[in-house]
Amino acid sequence: MTEAEFQRLSTIYGANVARWPEQVQESAERWRASHPEAGAVLREAAVLDHMLSRAAPVVDAPRVDALVDALRARTGAAPLPWSVPVPFWRRPWTDLKGALWRWTPEGAVYVGLFVLGCAANTAVRLLTAETPLEAWLAANLSLSLGG
1151 MTEAEFQRLS
1161 TIYGANVARW
1171 PEQVQESAER
1181 WRASHPEAGA
1191 VLREAAVLDH
1201 MLSRAAPVVD
1211 APRVDALVDA
1221 LRARTGAAPL
1231 PWSVPVPFWR
1241 RPWTDLKGAL
1251 WRWTPEGAVY
1261 VGLFVLGCAA
1271 NTAVRLLTAE
1281 TPLEAWLAAN
1291 LSLSLGG
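Plus 1150 on top of the position in the sequence shown (first one is 1) and you've got the numbering used here.
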């Protein structure tokens, strides 16, 4: 094992050689026993291990519950009810009570968009037609009664 290899493994797996892969543990122990600079490398890895172990807080259920309760008390938020009402767009079609009022805004939007699309189609066809307006009107709006 080389010093660079030992340095790389200590950076990846930490200062405890027992946590290193089994196939390199024996050679790492031999290299550590025969090279005095291994102690400095492992001390640096131990400092990093210590900082990483202190960085992540321990999250346990009672602590989380206490924090949530404190936030609720501070903000005055009520807990969610057992059953949240179903949004109107997800209610079944069999629920006819208030169906007209429930779909009126959406229906008005769809009808308005349909009328706007028809008007835009007619305007584009009129403005880009090669025939004069009177000929187009006579051809498309004439009422033939079979005669």
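Where a beta carbon is used, it is the ideal one built from N, C-alpha and C, also for glycine.
Do Phe1156 and Val1191 have their C-beta atoms closer together than 8 Å?
Position 6 of the sequence shown, counting from 1, holds the residue named residue 1156. Position 41 of the sequence shown, counting from 1, holds the residue named residue 1191. It is a contact, given that the beta carbons lie within the stated cut-off.
Use the C-beta contact count for Gly1164: other C-beta atoms within 10 angstroms, 16 or more gives buried, fewer gives exposed.
For the purposes of this step, residue 1164 is taken as the residue at position 14 of the sequence shown. Under this definition Gly1164 is a buried residue.
Go through its chain and collect everything with a Cβ distance to Leu1283's Cβ below 7 Å, but skip five positions before and after it.
Sequence index remark: in the sequence shown, residue 1283 carries index 133 (1-based). Only residues of its own chain outside the window of five on either side were considered, and among them Leu1276 have a CB closer than 7 Å to the CB of Leu1283, listed in chain order.
For Asp1210 and Gln1175, the rounded distance between their alpha carbons:
Residue numbering aside, residue 1175 sits at position 25 when the sequence shown is read from its first letter. Residue numbering aside, residue 1210 sits at position 60 when the sequence shown is read from its first letter. Approximately 34 Å between the Cα atoms of the pair.
Three-state class that DSSP yields for Trp1170 in the structure shown
On the sequence shown, residue 1170 is found 20 positions in, with the first residue counted as 1. DSSP places Trp1170 outside both helix and strand once states are collapsed to three, so it counts as coil.
Do Val1167 and Glu1179 come within 8 Å of each other at the CB atom, strictly closer than that value?
Indexing the sequence shown from 1 puts residue 1179 at position 29. Indexing the sequence shown from 1 puts residue 1167 at position 17. Contact: yes.
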